[in-house]
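**Q** Please read through the structure below; I'll follow up with questions.
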Amino acid sequence: MGIKVNAVFEGGGVKGIGLAGGVRAAEEYGIEFDGLAGTSSGAIVAALLAAGYTAEEMRKIILDTPFSSFLTPSIFHRIRGIGPILRIFIKKGMYSGERLEQWIRHLLGAKRVRTFGDLKGRKLKIIASDISQGKLLVLPDDIAQYGIDPNRFEIARAVRMSTSIPYFFDPVMIRKPPRPVGSEPFKSQFIYIVDGGILSNFPLWIFDRESGYGNSRPTIGFSLVGRHQQMVREIYGPFSMFQALFATMMEAHDERYIEKHNRFRTVKIPTLGVHTTQFDIDRETSMRLYESGLQAGREFFSSWSLKDYEEKYKEFLRRFSGI
């Protein structure tokens, strides 16, 4: 019987292919996943694992999926030059995100999983951002705030929320619980939810609040690194400035937390210069990313032990909780 751990997967768009390689390495070393959590592409990996997919099955999915198919052109894209920007002003995103949601729904359906209640006790937590009210959402639990039963909430919908990269994919809209007629303007009755990476792209903390001093269930994070090498974003107007702003928020704000305090429980996966929205990634590059994750995972787990983890986690708790 293998060692059970909680696993947390960082977001990173198509770079998330590397996460599947890291999972394969964990499987090779007898690691079994209990709690699963993720943001954006990390949410996809967490959801597939919770539904029962193996790393090898995910590798085959990667090879068979043209990720560019998620970018369904609309009538706006026929307008040369300004079409995508025009769509952002009207729809709040360059692409709808519906194709990605359908893809996840199909994959989960193949394992007879649709809602969080179908997971039968397996823990899955997906991070999203409520930008209408300015707060982080941990799904499915926090969906109850909007009058929706967490157990009946569709996993594919939660994943779409978490993967809705600002300005790239449309935000997901949900309606607030009913209120007395006329008490609130119609426009104010809707909440906009986008990529969880705005607030926590690597939610390594998510299972810590369930853990006590000396807790025996480790948490291992799978992080995507190497994103800022020789990358300068040109800013020539308000739209490009917003793109640079959100890219920085999604890719950088958790890194200090990762680097300083959590090296002992983080698998660092080099992303080989691949960009978050590089949806035209070819098969060869996809497999290089997968192999990068596999190698990083093997290096990490070859020297990892439960005893060493527990000692370092106790020190972590003493440092940050005053125990």
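The letter at position 310 of the sequence shown is residue 448 when you use this note's numbering, and the numbering goes up by one with no holes.
Glycine included, every Cβ here is placed at the ideal spot set by N, Cα and C.
(1) Answer yes if the segment 156-171 comes into contact with the segment 189-202, meaning at least three C-beta pairs across the two stretches below 8 Å, and no otherwise.
(2) Can you tell me where the alpha helix (DSSP H) holding Tyr428 begins and where it ends?
(3) Give me the Cα-Cα distance between Gly431 and Gly364, rounded to the nearest whole angstrom.
(4) Starting from Arg313 and walking both ways along the beta strand (DSSP E), at which residues does that stretch end?
(5) Assign Lys406 to buried or exposed, taking buried as 16 or more other Cβ atoms, counted over all protein chains shown, within 10 Å of its Cβ.
(6) CB Tyr330 to CB Pro309, shorter than 9 Å?
(7) For Pro204, count the other beta carbons within 10 Å of its own beta carbon; 16 or more makes it buried, fewer makes it exposed. Which is it?
(8) Near Gly156, what residues of its chain come up, given a Cβ to Cβ distance below 7 Å and the 5 sequence neighbours on each side ignored?
(9) Would you report the Cα separation of Ala434 and Phe328, rounded to the nearest angstrom?
(10) Are Phe417 and Ala175 close, meaning C-beta to C-beta below 9 Å?
(11) Compare the beta carbon distance of Val332 and Ile269 with 9 Å and say whether it is the shorter of the two.
(12) Could you check if Ser267 is buried or exposed, using at least 16 other CB atoms within 10 Å of its CB as the buried criterion?
(13) Give the C-beta separation of Pro356 and Tyr447 to the nearest angstrom, bearing in mind that I take them to be a contact with Cβ-Cβ under 8 Å.
(14) Residues in the same chain with beta-carbon distance under 6 Å from Lys142, minus the five sequence neighbours each way, listed in chain order, please.
(15) Which residues mark the beginning and the end of the alpha helix (DSSP H) in which Ser179 is found?
(16) Whole angstroms are fine: how far does the CA of Gly247 sit from the CA of Trp343?
(17) Compute the distance between the beta-carbons of Ser179 and Gly149, then report whether it is under 9 Å.
(18) How about Lys273 and Leu337: do their beta carbons lie closer than 9 Å?
(19) Which same chain residues, not among the five before or five after Gln368, have their C-beta less than 7 Å away from its C-beta?
(20) Among Pro288, Gly235, Glu239, which one has its Cα closest to the Cα of Leu257?
(21) Where DSSP assigns a beta bridge to Val363, which residues make up the other side?
(22) Contact check, Ala181 vs Thr301 under 8 Å by CB: the rounded distance?
(23) According to the Cβ coordinates, are Arg250 and Ser207 closer than 9 Å?
(24) Would you kindly work out how many angstroms separate the C-alpha atoms of Ile461 and Ser424, rounded to a whole number?
(25) Nearest-angstrom Cα distance between Asp280 and Ile358?
(26) Excluding the five sequence neighbours on either side, which residues of its own chain have a C-beta within less than 7 Å of the C-beta of Arg290, listed in chain order?
(27) How many angstroms separate the CA atom of Arg421 from the CA atom of Gly168?
(28) Report yes if the CB atom of Val276 is closer than 9 Å to the CB atom of Ile265, and no otherwise.
**A** Let me spell this out:
(1) yes
(2) The sequence position of residue 428 within the sequence shown is 290, counting from 1. Tyr428 -> alpha helix (DSSP H) spans 421-439.
(3) Within the sequence shown, numbered from 1, the residue matching residue 431 stands at position 293. Within the sequence shown, numbered from 1, the residue matching residue 364 stands at position 226. If I take the Cα positions, the gap works out to 13 Å.
(4) Numbered from its first residue, the sequence shown carries residue 313 at position 175. Start and end: 310-313.
(5) Position 268 of the sequence shown holds residue 406. It is buried - the Cβ of Lys406 has at least 16 other Cβ atoms within 10 Å.
(6) Counting from one through the sequence shown, the residue named residue 330 turns up at place 192. Counting from one through the sequence shown, the residue named residue 309 turns up at place 171. Taking 9 Å as the Cβ cut-off, Tyr330 and Pro309 qualify as a contacting pair.
(7) In the sequence shown, residue 204 corresponds to position 66, counting from 1. Answer is exposed; the Cβ neighbour count stays below 16.
(8) Here residue 156 corresponds to residue number 18 of the sequence shown, with the count starting at 1. Excluding residues within five positions, the ones whose Cβ falls inside 7 Å are Leu362, Ile407, Thr409, Leu427, Tyr428, Ser430, Gly431.
(9) Numbered from its first residue, the sequence shown carries residue 434 at position 296. Numbered from its first residue, the sequence shown carries residue 328 at position 190. Per the coordinates, the alpha-carbon of Ala434 lies some 43 Å from the alpha-carbon of Phe328.
(10) On the sequence shown, position 279 is the one that residue 417 refers to. On the sequence shown, position 37 is the one that residue 175 refers to. Not a contact, by the Cβ cut-off of 9 Å.
(11) Taking the first residue of the sequence shown as position 1, residue 332 is located at position 194. Taking the first residue of the sequence shown as position 1, residue 269 is located at position 131. In contact: Val332 and Ile269 (Cβ atoms closer than 9 Å).
(12) For the purposes of this step, residue 267 is taken as the residue at position 129 of the sequence shown. Result: buried.
(13) Along the sequence shown, one-based indexing puts residue 356 at 218. Along the sequence shown, one-based indexing puts residue 447 at 309. Confirmed, about 5 Å.
(14) Residue 142 sits at position 4 when you count from the first residue of the sequence shown. Non-local C-beta neighbours of Lys142 in its own chain, meaning closer than 6 Å and more than five positions away in sequence, comprise Glu170, Asp172, ordered along the chain.
(15) By 1-based counting over the sequence shown, the position of residue 179 is 41. 179-189 is the span of the alpha helix (DSSP H), which, as asked, contains Ser179.
(16) Counted from its first residue, the sequence shown places residue 343 at position 205. Counted from its first residue, the sequence shown places residue 247 at position 109. Approximately 30 Å between the Cα atoms of the pair.
(17) Counted from its first residue, the sequence shown places residue 179 at position 41. Counted from its first residue, the sequence shown places residue 149 at position 11. Contact: yes.
(18) By 1-based counting over the sequence shown, the position of residue 273 is 135. By 1-based counting over the sequence shown, the position of residue 337 is 199. A contact, by the Cβ cut-off of 9 Å.
(19) Taking the first residue of the sequence shown as 1, we reach residue 368 at position 230. Per-residue confidence for Gln368 stands at a pLDDT of 47, beneath the threshold of 50, marking its modelled position as unreliable; no derived number is given.
(20) Counted from its first residue, the sequence shown places residue 257 at position 119. The shortest C-alpha separation from Leu257 is found at Pro288.
(21) Residue numbering aside, residue 363 sits at position 225 when the sequence shown is read from its first letter. Val363 pairs with Pro408.
(22) Your numbering for residue 181 matches position 43 in the sequence shown. Your numbering for residue 301 matches position 163 in the sequence shown. Yes, they are in contact, since the Cβ atoms of Ala181 and Thr301 sit about 7 Å apart, within 8 Å.
(23) As a working mapping, residue 250 is identified with position 112 in the sequence shown. As a working mapping, residue 207 is identified with position 69 in the sequence shown. Going by C-beta atoms, Arg250 is not nearer than 9 Å to Ser207.
(24) On the sequence shown, position 323 is the one that residue 461 refers to. On the sequence shown, position 286 is the one that residue 424 refers to. For Ile461, the predicted structure reports a pLDDT of 44, less than 50, and the residue's modelled location is therefore unreliable. The matter cannot be settled from this model.
(25) Here residue 280 refers to the residue found at position 142 of the sequence shown. Here residue 358 refers to the residue found at position 220 of the sequence shown. If you take the alpha carbons of Asp280 and Ile358, they lie about 23 Å apart.
(26) For the purposes of this step, residue 290 is taken as residue 152 along the sequence shown, with counting starting at 1. Once the five neighbours on either side are set aside, the close Cβ partners of Arg290 are Thr253, Gly255.
(27) Counting from one through the sequence shown, the residue named residue 421 turns up at place 283. Counting from one through the sequence shown, the residue named residue 168 turns up at place 30. Whole-angstrom Cα-Cα distance: 28 Å.
(28) Position 138 of the sequence shown, counted from the first residue, corresponds to residue 276. Position 127 of the sequence shown, counted from the first residue, corresponds to residue 265. For Val276 and Ile265, yes; Cβs fall inside 9 Å.
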